[in-house]
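The block underneath contains the structure these notes are about, expressed in structure tokens.
Number of protein chains: 2
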Amino acid sequence: MGKYHHGDVRNVLLQKAETILTEEGPTGLSLRRLARMTGVSEAAPYRHFDGKDGILAAVAIAAFERFAEQLESVAANVAHHEERIMKLGAAYVGFAVENPQHFRLIFGRERPPLDQYPELRDAADNAFDVLQRAVTSVDRKAEMTLTEAATAYNRALAAWSRAHGIAMLVIDGMIVPPADQELGDFVLGLLAEDLTAPSDL
Amino acid sequence: MGKYHHGDVRNVLLQKAETILTEEGPTGLSLRRLARMTGVSEAAPYRHFDGKDGILAAVAIAAFERFAEQLESVAANVAHHEERIMKLGAAYVGFAVENPQHFRLIFGRERPPLDQYPELRDAADNAFDVLQRAVTSVDRKAEMTLTEAATAYNRALAAWSRAHGIAMLVIDGMIVPPADQELGDFVLGLLAEDLTAPSDL
DNA sequence: TTTCTTATGTTAACTAAGTTAACATTAATG
DNA sequence: CATTAATGTTAACTTAGTTAACATAAGAAA
């Protein structure tokens with residue numbers, strides 16, 4: 001009978017997994033529900049993925065790739081160094097706000113362990129590389145002294161932390177961005193604050 | 001017979017819950033296991049807590065309180081405004097690193113919804129108040145103009161975001177603090193970076 | 001073509017967890 | 001002392017992750 005064998009179950013599963021994840025997050029994604037929604041037996045996903053972690057890994061890889069692409073495209077279009085850092089931060093937060101579940105998946109503890117999924121590790125490394133290159137103006141890395149390189153690295157970490165913190169606090173609802181302002185502008189404002197300056201208040 | 005009725009099951013449960021949470025995080029905390037470890041029936045916890053969320057809420061409340069205390073004690077001991085912000089950030093990250101699971105519990109999405117646990121909401125609000133007061137020098141709030149207040153608020157958000165980002169990235173293993181440096185100094189260094197300054201590299 | 005093998009799908013079962021209902025016992029209170 | 005509220009217990013229901021055993025389809029090998 002012709003109801004066996006869908007033709008492309010793996011991709012359909014991945015697609016539906018994306019949908020469920022977007023709506024309910026990693027915890028809400030249940031393999032059994034996924035299978036039912038796909039119209040396939042509850043054990044079928046195990047033929048295509050290494051259990052739940054396997055599916056999450058696949059989704060996370062795709063998410064990392066999209067994330068890296070978006071950062072890259074911003075970095076490539078801003079020549080000025082400081083401006084690039086700021087815009088990158090805004091893009092970082094932008095991705096998080098537009099794809100909160102994916103963002104949580106790739107950074108949170110629901111993410112399958114990197115050392116069990118080499119492709120996932122590669123995707124993660126690549127995303128961080130994009131970030132670092134953009135922040136550190138790596139083109140000139142060869143010319144740097146060790147001290148300079150350390151300074152540059154610290155700048156990268158500082159920039160990254162700030163963007164990450166804003167992203168987290170916003171998607172977790174702890175910070176509510178003002179409604180009368182573009183999200184990007186709000187983020188740029190926060191990134192530009194210099195806490196070492198006296199408060200003049 | 002005398003094996004019924006422990007005497008103080010609620011507190012024992014809470015205590016064990018703390019232990020399990022510290023070791024395995026919110027997801028690893030299973031009510032059934034908790035009950036077994038406490039030597040009590042698997043349904044007993046439901047007599048004392050409103051299900052799993054109820055226990056998590058109770059633990060989260062305690063965590064918020066400790067968090068707030070630690071921040072408060074730092075803030076109270078540093079008079080200088082800019083220095084206080086920095087030290088507060090370091091303390092913020094310090095708490096996260098020493099109590100990663102608790103930190104995740106109070107900020108992550110495993111935290112029971114604030115609107116279902118009023119005491120939890122109060123604990124959270126209080127912690128943020130401590131933070132804001134310390135960052136904003138609220139003693140003089142009355143004297144501020146609206147613009148000044150907005151500026152001060154933004155400074156608070158910026159400081160908070162940075163500390164939060166560092167905390168998250170460190171406890172998630174994305175940033176590995178240098179081994180040859182005190183964690184506090186490392187954090188202070190990151191907080192002090194001013195990304196608006198030219199990179200001079 | 002026929003046969004063997006591999007990929008892919010199915011059913012059925014096992015384990016563990018959250019939760020609730022129905023029942024038992026204790027402690028406290030009138 | 002009798003009643004009641006609090007606190008435990010057992011047993012059951014539901015959902016989920018996972019695996020084993022079996023079935024079928026497709027393609028390679030004979």
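Keeping their order, the protein sequence lines are chains C and U.
Those letters in the first sequence? Residues 1 to 201, by full-length UniProt numbering.
Those letters in the second sequence? Residues 1 to 201, by full-length UniProt numbering.
Glycine included, every Cβ here is placed at the ideal spot set by N, Cα and C.
Since this is a predicted model, take the numbers as computed values, not measurements.
Could you tell me which of D50(C), L13(C) and I85(C) sits nearest to A158(C), measuring between CA atoms? When C-alpha distances from A158(C) are compared across D50(C), L13(C) and I85(C), the shortest belongs to I85(C).
Per-residue DSSP class, three states only, for L71(C): Under the three-state reduction of DSSP, L71(C) is assigned to helix.
Among S199(U), Q116(U), A150(U) and A62(U), which has the Cα closest to the Cα of F103(U)? Closest option to F103(U), Cα to Cα, is A62(U).
Thinking C-beta only, is E42(C) closer than 8 Å to A35(C)? Yes, the Cβ-Cβ distance between A35(C) and E42(C) is below 8 Å.
If you run the structure through DSSP and keep just helix, strand and coil, what is E143(U)? Helix.
Could you pull the start and end residues of the alpha helix (DSSP H) that Y46(C) belongs to? In the DSSP assignment, Y46(C) falls within the alpha helix (DSSP H) that extends over P45 to H48.
Report yes if the CB atom of M144(C) is closer than 8 Å to the CB atom of G165(U), and no otherwise. If you check the CB distance, M144(C) and G165(U) do not come in under 8 Å.
Taking a cut of 9 Å between CB atoms, which residues from the stretch 150-162 of chain C lie near chain U? Cβ contacts with chain U come from T151, A152, N154, R155, L157, A158, A159, W160, S161 and R162.
Measuring CA to CA, which of N11(U), P26(U), E82(U) and D53(U) is closest to L191(U)? Of N11(U), P26(U), E82(U) and D53(U), the residue nearest in Cα terms is E82(U).
Close beta carbons around Q181(U), own chain, < 6 Å, minus the five adjacent residues each side: Once the five neighbours on either side are set aside, Q181(U) has no close Cβ partner at all.
Using a Cβ-Cβ cut-off of 8 Å, state whether I20(C) counts as contacting chain U. Residue-level contact by beta carbon fails for I20(C) and chain U, as no gap is shorter than 8 Å.
Residue from L114(U), T22(U), P45(U) and N154(U) with nearest C-alpha to R32(U): Of the candidates L114(U), T22(U), P45(U) and N154(U), the one whose C-alpha sits nearest the C-alpha of R32(U) is P45(U).
If you follow the alpha helix (DSSP H) that I106(U) is part of, which residue opens it and which one closes it? Run containing I106(U): P100 to F107, per the alpha helix (DSSP H) assignment.
Could you say which of P198(U), I171(U), G173(U) and K52(U) lies nearest to residue 218(U) if we only look at CA atoms? Residue numbering for chain U in the displayed model covers 1 to 201; residue 218(U) lies beyond these limits and cannot be assessed.
Within its chain, find whatever has a CB closer than 6 Å to the CB of I106(U); leave out the 5 residues flanking it on each side and keep chain order. Once the five neighbours on either side are set aside, the close Cβ partners of I106(U) are A60, A63 and F64.
Does E98(U) get closer than 8 Å to chain C when you measure Cβ to Cβ? Output row for E98(U): interface = no.
Would you kindly work out how many angstroms separate the C-alpha atoms of A150(U) and A134(C), rounded to a whole number? Looking at the two C-alpha atoms, the distance is approximately 31 Å.
Any residues in the stretch 99-110 of chain C with a beta carbon nearer than 9 Å to a beta carbon of chain U? Which ones, in chain order? R104, F107, G108, R109 and E110: these are the residues of the stretch 99-110 of chain C whose beta carbon lies less than 9 Å from some beta carbon of chain U, given in chain order.
Residue-chain proximity (A75(C), chain U), Cβ-Cβ < 8 Å: Cβ-Cβ to chain U under 8 Å: no for A75(C).
Starting from E119(C) and walking both ways along the alpha helix (DSSP H), at which residues does that stretch end? Boundaries of the alpha helix (DSSP H) around E119(C): P118 to T136.
Below 7 Å CB to CB, which residues in the same chain sit around A17(U) once its five sequence neighbours on both sides are set aside? So the qualifying residues of the chain are L29, L34, I55 and V59.
Chain C beta carbons: is any one of them nearer than 8 Å to that of I61(U)? False, the Cβ-Cβ gap to chain C never drops below 8 Å.
Exposed unless 16 or more other CB atoms sit within 10 angstroms - verdict on E69(C): By the C-beta density criterion, E69(C) is exposed, having fewer than 16 other C-beta atoms within 10 angstroms.
A57(C) at chain U interface by Cβ criterion, 8 Å: No, A57(C) lies away from the interface with chain U (no Cβ there is under 8 Å from its Cβ).
Note the first and the last residue of the continuous alpha helix (DSSP H) segment covering I20(U). Here the alpha helix (DSSP H) through I20(U) covers V9 to G28.
Report the three-state DSSP secondary structure of R111(U) (helix, strand or coil). In the structure shown, R111(U) sits in coil (DSSP, three-state: anything other than H, G, I, E or B).
Output, in sequence order along the chain, the residues in the stretch 119-135 of chain C whose CB is closer than 7 Å to any CB in chain U. Close to chain U, meaning a Cβ-Cβ distance shorter than 7 Å, is no residue of the stretch 119-135 of chain C at all.
On the CB-based measure, 16 or more other CB atoms within 10 Å of its CB, does T196(C) come out buried or exposed? Counting C-beta atoms within 10 angstroms of its own C-beta, T196(C) has fewer than 16 neighbours from the protein chains shown and is therefore classed as exposed.
In three-state terms, what does DSSP make of G173(C)? Note: G173(C) maps to coil in three-state DSSP.
Counting along the chain, where does the alpha helix (DSSP H) carrying T38(C) start and finish? Looking at the DSSP string, the run of the alpha helix (DSSP H) that includes T38(C) is L31 to T38.
Can you confirm whether M1(U), when its beta carbon is compared against all beta carbons of chain C, has any partner nearer than 8 Å? Low confidence applies to M1(U): its pLDDT is 39, below 50, so where it sits in the model is not reliable enough to give any reading.
Is R162(U) closer than 8 Å to G89(U) when the C-beta atoms are compared? Taking 8 Å as the Cβ cut-off, G89(U) and R162(U) qualify as a contacting pair.
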